[in-house]
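Same order as they appear, the protein sequences are chains S and F.
Residues in the first sequence are numbered from 1 upward in steps of one, following the UniProt record's numbering.
Residues in the second sequence are numbered from 1 upward in steps of one, following the UniProt record's numbering.
Notes follow once the structure below has been shown.
Number of protein chains: 2
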Amino acid sequence: MTNKAITIIDIAKLLGVSKSTVSRALKDHPDISNATKEAVHMMAKQLKYKPNAVAMSLRHKKSKVIGLIVPTLSPFFFPSVIHGIEKEVNKRGYNLMILQSNESYEREVRNVDILQSNNVEGILVSISRKTEDLNHFTSLIEDNTPIVFFDRIPKSIQADMVLVDDISGAFNAVEHLISIGKRKIAICLGNPNLLISSNRLSGYKKALKKHSIEINEEFIITGESSEEAEKETKKLLELTNPPDAILAISDLTMSGIMKALYAAKIKIPEDIAVIGFCEDTFSQMYNPPVSTIDPMGVEIGKIATERLFQRIHENNILEPKTINLSSRLIIRDSTKI
Amino acid sequence: MTNKAITIIDIAKLLGVSKSTVSRALKDHPDISNATKEAVHMMAKQLKYKPNAVAMSLRHKKSKVIGLIVPTLSPFFFPSVIHGIEKEVNKRGYNLMILQSNESYEREVRNVDILQSNNVEGILVSISRKTEDLNHFTSLIEDNTPIVFFDRIPKSIQADMVLVDDISGAFNAVEHLISIGKRKIAICLGNPNLLISSNRLSGYKKALKKHSIEINEEFIITGESSEEAEKETKKLLELTNPPDAILAISDLTMSGIMKALYAAKIKIPEDIAVIGFCEDTFSQMYNPPVSTIDPMGVEIGKIATERLFQRIHENNILEPKTINLSSRLIIRDSTKI
DNA sequence: TTATCAACCGCAACCGGTTGCACGACCGGT
DNA sequence: ACCGGTCGTGCAACCGGTTGCGGTTGATAA
């Protein structure tokens, strides 16, 4: 937009009418005669007039923009969520402004400011690992800005939340492993600060308890990166009594686990069955394709966005609600005995 | 922002000064006395004043927003690019508005309009498959809007382009396969409308020619989806004289190829070596990890954004330039004999 | 002829900042 | 006492639209 863009004033001058007339004509206001309307529309088309969204945003305090804050854009989960969000946002004629917090509290606060400054009509957030203080969000809520948290949700705040039921997800995965005859079931966790870690762990424990399987602390390992997961898995394999199944908490850890198993020439699922919380696309890339409790990134994005627009359209007077998507267990060869 | 936000007028009233004074005080204008400045800053902090980016954008015709149009947000390539872009954009205090064309020409045109309407200061584009007519871009360029095309570039337009050298990438991949003793080399293409398909194919042919290997049309297959690639690969394997190496043109095709090879219990790389244009993260998920000509999504995003800011800062008077990143050949077990 | 009333359109304020210019106060020098 | 120059601040226009209200015109009714 470095060059001068066409404005309604240009049209008005050329047509010898006032800019208010042009404005009204362009939106078919009944006050304007058909002749004038047609002339204005013609001229607008001819000059390739494009309404200035910024000016309208200033006037209406409505920007038609939704803000999104994610901790990271690295694979695998958040890009999928964005995929789901963008579709819904676009469908409604809105646009998406994406900001990354990079797992930094300060950046997150700054990002909230930026979105406010830009008059976004609603905000979708997955909070950073470092975020403890929630003032930047509570003041947003007090300002009456529609907001929906997803996946990485704050523990104590009155607002909409969208997440998958990780506890039952892990529970089902472990029960599935038990159902195919596995009893020495390991779990590889990710970052312990994340709610998903503790939730999935508790689902894991719950399932073992139900089936009277003792919890073996040696089977609970942590791998925040693929490399770490690989290393820890190798240690698992060296145990005098190694596991016969592994539950991976994320795509990243799954990747490390599979590398370790490949390297050790473990037979999957005969020797060790494998299941993980993997986005569907990626879970099929392994050999064998791995069973998965779909983290449903795309769906989360979709549902969170739908809820946000509900808020926007109903003037933000809805009661805060937590939407718990039940996760989908997809069984593939890695757990088919 | 449903509630009334604090404006400089609020500050002005409370302090009994004019809004111009507040405006100048907030940006440390030398005309304003220190006493006034301090008072204003105090009050601003106290009221949690946030400047209205929309108003400033309207005044300055500068929005601090970069627009991005991609054909799709589905894995694998474009999310990586966005990862690279967002980092650079954010580093410079700008924000990113992301639009998807969904491979539709009409949506692409609409998206260009939207970005113009929002006064974005620059645009990054990877064009849709359907795009033949380029008027929406040429008029942008005539309007003097900084623009950089990446990856999916239009054939005839005077503008900056960023892409990886696919021809030499494919060439090097094939030479690498030859160097490990393979001569019956197949290639699995993707959408034939894409420049990357024809470029990578021509690199493939060039390498074969150089080493006096006859081109076998049976070895040139097409799989736009993973499933299609899988099916076509199976057909390859049933040939009386099947290939001893396969070059995959994308993550998606690689996924299908590997599935077919797994199913047929082909030994990789002994029976068939495999190499593909895969994002690094994903290429390591296979068993064995596959060699790859890194499509360098993140880097493309980074370089394209850097170039765009160069344009923005130098008033868009640069000569159009095509930046050809040379691709990186990463050798992993799938081609290690 | 004059009051009435649509139909059609323009004026001006507004959204929240920025900025050129003018203005008043105060100073020192002559 | 008068002039010139700083210093600090306010006025008002501007960015590009929107909109309440009021004005003009012509036709129709009284």
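C-beta: ideal position from N, C-alpha, C; glycine also.
Proximal residues to residue i (C-beta, below 8 Å), its chain only, five neighbours per side dropped
| i | result |
| --- | --- |
| S:D133 | Y105 |
| S:P289 | S283, R332, D333 and S334 |
| S:S128 | P71, S101, N102, E103, S104, Y105, R107, E108 and R152 |
| S:G93 | K64 |
| F:N95 | K64, V65, I66 and V89 |
| S:I300 | V81, G84, F150, D151, V162, L163, V164 and L325 |
| F:V298 | S80, V81, H83 and G84 |
| S:P154 | I127, T131, L134 and F137 |
Any chain S beta carbon closer than 8 Å to residue i
| i | result |
| --- | --- |
| F:E270 | no |
| F:I300 | no |
| F:F77 | no |
| F:P295 | no |
| F:K265 | no |
| F:Y262 | yes |
| F:N172 | no |
| F:T2 | The predicted model places F:T2 with a pLDDT of 48, which falls under 50 and marks its position as unreliable; any figure quoted below should be read in that light. So yes, F:T2 belongs to the interface. |
| F:N135 | no |
| F:S250 | no |
| F:S255 | yes |
| F:N199 | no |
Close Cβ partners of residue i (< 6 Å) along its chain, the five nearest in sequence each way excluded
| i | result |
| --- | --- |
| S:N172 | L329 |
| S:N316 | N144 and P146 |
| F:D166 | I196, N199 and R200 |
| S:L318 | R311 |
| F:M1 | Unreliable positioning characterises F:M1 in this predicted model, as indicated by a pLDDT of 42, which lies under 50. The coordinate reading is nonetheless provided below. Same-chain partners within the cutoff: there are none. |
| S:I266 | I272 |
| F:V148 | L124, D160, A304, R307 and L308 |
Of the residues the options, the one placed nearest residue i, counting alpha carbons only
| i | options | result |
| --- | --- | --- |
| S:L58 | F:T322, F:A5, F:L201 and F:T72 | F:A5 |
| S:K87 | F:S225, F:S74, F:L14 and F:C278 | F:S74 |
| S:M161 | S:N324, S:I337 and S:K336 | S:N324 |
| S:I180 | S:A12, S:I337 and S:T7 | S:I337 |
| F:G203 | F:F277, F:V17, F:K48 and F:P30 | F:F277 |
| S:F77 | S:N216, S:Q116, S:D294 and S:R311 | S:D294 |
| F:N118 | F:D251, F:H41 and F:A55 | F:A55 |
| F:I249 | F:S225, F:E270, F:S126 and F:E319 | F:S225 |
| S:S255 | S:T281, S:K267, S:A264 and S:E227 | S:E227 |
| F:E230 | F:T36, F:H313 and F:A260 | F:A260 |
| F:S212 | F:I123, F:V174, F:Y262 and F:E232 | F:V174 |
| S:D10 | S:G169, S:P51, S:K209 and S:K302 | S:P51 |
| S:I221 | S:T233, S:E214 and S:K210 | S:T233 |
| S:S291 | S:M258, S:H313, S:K45 and S:A264 | S:M258 |
| F:E270 | F:I114, F:L177 and F:L26 | F:L177 |
| F:S168 | F:G223, F:N193, F:L208 and F:L140 | F:L208 |
Residue i at chain F interface by Cβ criterion, 8 Å
| i | result |
| --- | --- |
| S:V54 | yes |
| S:I98 | yes |
| S:H211 | no |
| S:N119 | yes |
| S:N191 | no |
| S:I323 | no |
Spatial neighbours of residue i in its chain, beta-carbon cut-off 7 Å, leaving aside the 5 residues before and after
| i | result |
| --- | --- |
| S:P243 | K184, I185, A186, F219, L236 and I272 |
| F:K182 | D244, A245 and A273 |
| S:V120 | S63, V65, I66, G67 and M97 |
Limits of the beta strand (DSSP E) - the one that residue i falls within
| i | result |
| --- | --- |
| S:M161 | D160 to V164 |
| F:G276 | A273 to G276 |
| S:D294 | S291 to D294 |
| F:V120 | Per DSSP, F:V120 belongs to no beta strand (DSSP E) and is neither H nor E. |
| S:N95 | N95 to Q100 |
Residue range of the unbroken alpha helix (DSSP H) whose run includes residue i
| i | result |
| --- | --- |
| S:R107 | Y105 to S117 |
| F:S23 | K19 to L26 |
| F:R200 | L195 to K210 |
| F:R59 | A53 to H60 |
| residue 338 of chain S | Missing from the structure shown is residue 338 of chain S; chain S here goes from 1 to 337 and no further. |
| S:G256 | D251 to A263 |
Exercise for the section: Could you name the residues of the segment 101-115 of chain F whose beta carbon sits closer than 7 Å to any beta carbon of chain S, in the order they occur along the chain? Expected result: D113 and I114
Handout entry: Interface residues of the segment 157-169 of chain S facing chain F [CB-CB below 9 Å]
Key = none
Problem - Residues from the segment 275-292 of chain S in contact with chain F, defined by Cβ distance under 9 Å - result: E279, T281, F282, Q284, M285, Y286, N287, P288 and P289
Handout entry: Members of the segment 61-89 of chain F near chain S, C-beta cut-off 7 Å
Key = K61, S63, L73, S74, P75, P79, I82, H83 and E86
Problem - Short-range partners of chain S found in the UniProt domain "HTH lacI-type" (6-60) of chain F, where Cβ spacing is below 9 Å - result: K48, K50, P51, N52, A53, V54, A55, M56, S57 and L58
Practice task
Could you list the residues in the segment 216-241 of chain S with a C-beta less than 8 Å from some C-beta on chain F, going in chain order?
Solution key: S226
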